[in-house]
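Student: Handing you a structure now.
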Amino acid sequence: MEFTFLFSQFMSGLTYGLMLFLVASGLSLIFGVMNILNFAHATLWLIGAYICFTFWSLMEAHQFALWVSIPLAALATAAFGWICEVVLIKRIYKRELHEQLLITYAMALIFGDLIKIVWGPTDRLIVRPSIIQKPLFLFGAPIDSYFIFVILIGVAVAVGLWWFLKYTKYGHIVKAAVYSREMVSALGIPIPKIYTWVFTLGIFIAGLAGGVQSAIGSVTLGMDMNIIIQAFCVVVIGGFGSLMGTLIGSLIVGEVFSFAILYWPDGAMVLIFVITAAILIVKPWGLFGTPLRA
Amino acid sequence: MDNKNTMFQRFWLPAALFVVALILPFVISEFWVHVFNEILILGLFAAAFNLVFGYMGQLSFGQAAYYGIGAYTTGLLMVKLHWPLFACLPVSMITAGIGALILGYFCVKLRGIYFAILTMAFGQLVFFIIFQWYSFTGGDNGLQGINPPEWLFKAIPYYYFSLTVVTIGMIILYFITESPFGYTLRAIRDNTERTEFIGINVQRYMLINFVISGMFCGLAGALWGPFNRSVAPDLCSWQHSGHPVFMAVMGGPHHFLGPMIGSVIFTFLNAFVTGFTEYWPLVSGMVIIIVVLVMPGGVFGIIKEKGYFCPRDAGDVKNE
Chain A
1 MEFTFLFSQF
11 MSGLTYGLML
21 FLVASGLSLI
31 FGVMNILNFA
41 HATLWLIGAY
51 ICFTFWSLME
61 AHQFALWVSI
71 PLAALATAAF
81 GWICEVVLIK
91 RIYKRELHEQ
101 LLITYAMALI
111 FGDLIKIVWG
121 PTDRLIVRPS
131 IIQKPLFLFG
141 APIDSYFIFV
151 ILIGVAVAVG
161 LWWFLKYTKY
171 GHIVKAAVYS
181 REMVSALGIP
191 IPKIYTWVFT
201 LGIFIAGLAG
211 GVQSAIGSVT
221 LGMDMNIIIQ
231 AFCVVVIGGF
241 GSLMGTLIGS
251 LIVGEVFSFA
261 ILYWPDGAMV
271 LIFVITAAIL
281 IVKPWGLFGT
291 PLRA
Chain B
1001 MDNKNTMFQR
1011 FWLPAALFVV
1021 ALILPFVISE
1031 FWVHVFNEIL
1041 ILGLFAAAFN
1051 LVFGYMGQLS
1061 FGQAAYYGIG
1071 AYTTGLLMVK
1081 LHWPLFACLP
1091 VSMITAGIGA
1101 LILGYFCVKL
1111 RGIYFAILTM
1121 AFGQLVFFII
1131 FQWYSFTGGD
1141 NGLQGINPPE
1151 WLFKAIPYYY
1161 FSLTVVTIGM
1171 IILYFITESP
1181 FGYTLRAIRD
1191 NTERTEFIGI
1201 NVQRYMLINF
1211 VISGMFCGLA
1221 GALWGPFNRS
1231 VAPDLCSWQH
1241 SGHPVFMAVM
1251 GGPHHFLGPM
1261 IGSVIFTFLN
1271 AFVTGFTEYW
1281 PLVSGMVIII
1291 VVLVMPGGVF
1301 GIIKEKGYFC
1311 PRDAGDVKNE
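Written as structure tokens, this is what we have:
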């Protein structure tokens, strides 16, 4: 009993952690390459969730509705992110830190209200296809069968990003841009173009995560505000721009949150901030981060 | 140096604003008196924030934490212990200062974006403590019934009370920014390394400044509770920490009065827009984007650029 209980708690922590990873990896990628901290990242994630709901409700009658809606939501969110980049973010590459922060902060405010205007204040709930309605028993512990899917997606994105950064030409450019933008640009690679696509990729992952999230529970306004703060904690713990760090950071935050909520529900969030602050004090660049240019 | 002419240049604007603020309640309706009260309180908040931002050159995205600590100190003392408001104000400054001292100790080790993130994380820490600690702070219900004394109960008397406190606060802040300490802060902002090399303990100066800023944020928060008759944990949230950032940027962070001017514009807009739409975040977001893209130096930046008149520039050491 005790073991199965802890195991199912561990699995829900893992799911939550990987969901955080999906949000935080895009955030970290964008920050690492473009040096822009995207406050609106989780709001775009929530837009992805709502878009997924809309696609799903169009195809409601079919069993495959959810599985088609998730990639569609990711693409639609990425398109939206691309527009944001071209229209807005492009103008603030060379601006000062506070101006960049204010712009993305403003984007978060605007998109939050846009969601309210488009989808209204009522909670949205996706009815899961029958295949993932029943729990799955693993080592005798009941696990939400959709969690398996979430975990698979999280792992797939982690592996995919790792492969992209390690083995593809564009991945190498992105990695190089984290260390020295000037050098990359001196090699004749158009930095603005790279920026646009990195941003779009980050938002694509956020949209995918939103789509996945939409079937975990109901989609509600204001969900983004909790997750953005936790995603910040994740990238701070793991180190900006480090994929490995983001993954480890997400799992730490997910598991800590999942177990803390059992034993000390009121203090779960506080505990995460305490851990974050402690790590930032000991290692200002995070567990796996390297000192970035100022 | 300070002949009559520059004295006039330096003080005509604040003096004029003060006179306008004195006369206003006779001309406008009670609703707008409320709005102006809010302007004063948030203006003090933004000016205190600007000590860290405009003068020290570090962006704090968690200053609402100290504002909230001040507001809750006054709220708790008045609701639970029935302290008089006057006694609460200094105590709020002290508690906010202690909060800023403990959290700032860690923040001042970092610079730039890391400073911004850590201040924000600590701000959220304070927010969640207040949010979750039902038995003490009332959690998300907040604290109700923070009533100012009888003679301050109406809008206009409380407005004059705020005006007095805020004016005193602003004068103290002005003296701090014009003191050798204030100029050391500018030196830290303009060239941290060099300041360190001439033998100044940069971290200690930054910490002291962070605490002073926190104390005045706390004072502004302390005024807010009795003004609004209640406090809620939202006062500490990171969205609320964004307000002084925007006000300072809008007014011009390199002028002492910039944040106050920013507060006038922002709060006015808020009162005006919320009159006919619930989508205030949408409107404010658009205004923020326009301001950042079109007038990066804020109102005072534009005025200086056009050379209409020259209020003394509090920001730039180089220009003096």
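Protein sequence lines correspond, in order, to chains A and B.
Residues 1 to 294 in the numbering used here are what the first sequence spells out, letter by letter.
Residues 1001 to 1320 in the numbering used here are what the second sequence spells out, letter by letter.
Note that CB positions come from ideal geometry on N, CA and C, so glycine has one too.
1. If G1182/B and I1176/B are in contact, beta carbons under 8 Å, what's the gap, nearest whole angstrom?
2. Comparing alpha-carbon positions, which option in S180/A, I153/A, G207/A lies nearest L46/A?
3. Please decide whether L287/A counts as near chain B, where near means a Cβ-Cβ distance under 8 Å.
4. Is there a Cβ of chain B sitting closer than 8 Å to that of Y105/A, yes or no?
5. Can you have a look at E85/A and say buried or exposed, based on whether 16 or more other CB atoms are within 10 angstroms of its CB?
6. For R124/A, which residues does DSSP report across the bridge?
7. Under the three-state reduction of DSSP, which class applies to P1084/B: helix, strand or coil?
8. From the beta carbon of T290/A, is the nearest beta carbon of chain B less than 8 Å away?
9. Quick check: is the beta carbon of P298/A nearer than 8 Å to any beta carbon in chain B?
10. Nearest to Y1066/B by alpha carbon, out of V1249/B, T1137/B, T1192/B, V1126/B?
11. Can you tell me which of the three DSSP states F232/A falls into?
12. Using a C-beta to C-beta distance shorter than 8 Å, which residues of chain A count as neighbours of A1220/B?
13. According to DSSP, simplified to helix, strand and coil, what is V253/A?
14. Closest to E1150/B by CA distance: which of R1229/B, R1111/B, L1101/B is it?
15. Which of the residues in the segment 1269–1297 of chain B, read from start to end, lie with their CB under 7 Å from any CB of chain A?
16. Using DSSP with H/G/I as helix, E/B as strand and the rest coil, what is S130/A?
17. Count the other CB atoms, across all protein chains shown, that sit within 10 Å of the CB of V87/A; report buried if there are 16 or more and exposed otherwise.
18. Using a beta-carbon distance below 8 Å, is G1315/B in contact with chain A?
19. Between which two residues does the beta strand (DSSP E) carrying A1232/B extend?
20. Indicate whether at least one CB of chain B lies closer than 8 Å to the CB of A294/A.
21. For G1075/B, which residues of its own chain have a beta-carbon under 6 Å away from its beta-carbon, when the five flanking residues on both sides are left out?
22. Less than 7 Å between C-beta atoms, sequence neighbours within five positions excluded: which residues of the same chain meet that for S8/A?
23. Using a Cβ-Cβ distance cut-off of 8 Å, determine whether F273/A contacts chain B.
24. Kindly say whether M269/A, judged by its beta-carbon, lies nearer than 8 Å to any beta-carbon of chain B.
25. Would you identify the three-state DSSP class for P190/A, choosing helix, strand or coil?
26. Looking at the ligand GDP, does it come within less than 7 Å of V1020/B, judged from the CB to the closest heavy atom?
27. Which of the residues in the segment 1179–1199 of chain B, read from start to end, lie with their CB under 9 Å from any CB of chain A?
28. Should H62/A go down as buried or exposed, given a rule of 16 or more other Cβ atoms within 10 Å for buried?
29. If we define contact as Cβ-Cβ less than 8 Å, is K1304/B a contact residue for chain A?
30. Take the Cβ of Y1008/B as the centre, count every other Cβ of all protein chains shown within 10 Å, and call the residue buried at 16 or more, exposed below.
31. Can you list, in chain order, the residues of its chain with a C-beta nearer than 7 Å to that of G1097/B? Leave out the 5 residues immediately preceding and following it.
32. Among the residues of its own chain, which have a CB less than 7 Å from the CB of E1038/B, if the five just before and after it don't count?
33. Just to confirm, are F147/A and M11/A a CB contact at a threshold of 8 Å?
34. Along the alpha helix (DSSP H) that carries L136/A, what are the first and last residues, could you check?
35. Can you look up Q1132/B in the DSSP assignment and give me helix, strand or coil?
36. Does K1318/B come within less than 8 Å of chain A when only Cβ atoms are used?
Tutor: Answer, in terms of the structure:
1. 6 Å
2. G207/A
3. no
4. yes
5. buried
6. V219/A
7. coil
8. no
9. No answer is possible for residue 298/A: it lies beyond the span of chain A, which begins at 1 and ends at 294.
10. V1126/B
11. helix
12. Near A1220/B there are no residues of chain A at all, since even the closest Cβ is about 20 Å away, more than 8 Å.
13. helix
14. R1229/B
15. Y1279, P1281, L1282, S1284, G1285, M1286, I1288, I1289, V1292, L1293, P1296
16. helix
17. exposed
18. The predicted model places G1315/B with a pLDDT of 48, which falls under 50 and marks its position as unreliable; any figure quoted below should be read in that light. Judged by the 8 Å Cβ criterion, G1315/B is not in contact with chain A.
19. Note, A1232/B: premise wrong, no beta strand (DSSP E); not H, not E.
20. Low confidence applies to A294/A: its pLDDT is 41, below 50, so where it sits in the model is not reliable, and the reading given next is rough at best. By this cut-off, A294/A is an interface position.
21. L1143, I1146, G1225, V1231
22. A141, P142, I143
23. yes
24. yes
25. coil
26. As far as ligands go, the structure on display features none, and thus does not contain the ligand GDP.
27. none
28. exposed
29. no
30. It should be noted that the sequence gives Phe, not Tyr, for residue 1008/B. Under this definition F1008/B is an exposed residue.
31. V1211, G1214, M1215, G1218
32. T1267
33. yes
34. Counting along the chain, L136/A falls outside any alpha helix (DSSP H), though it belongs to the beta strand (DSSP E) covering 136–138.
35. helix
36. Confidence at K1318/B is low in this model, with a pLDDT of 40, below 50, so the placement of that residue should be treated as unreliable; the coordinate-derived value is given next. Output row for K1318/B: interface = no.
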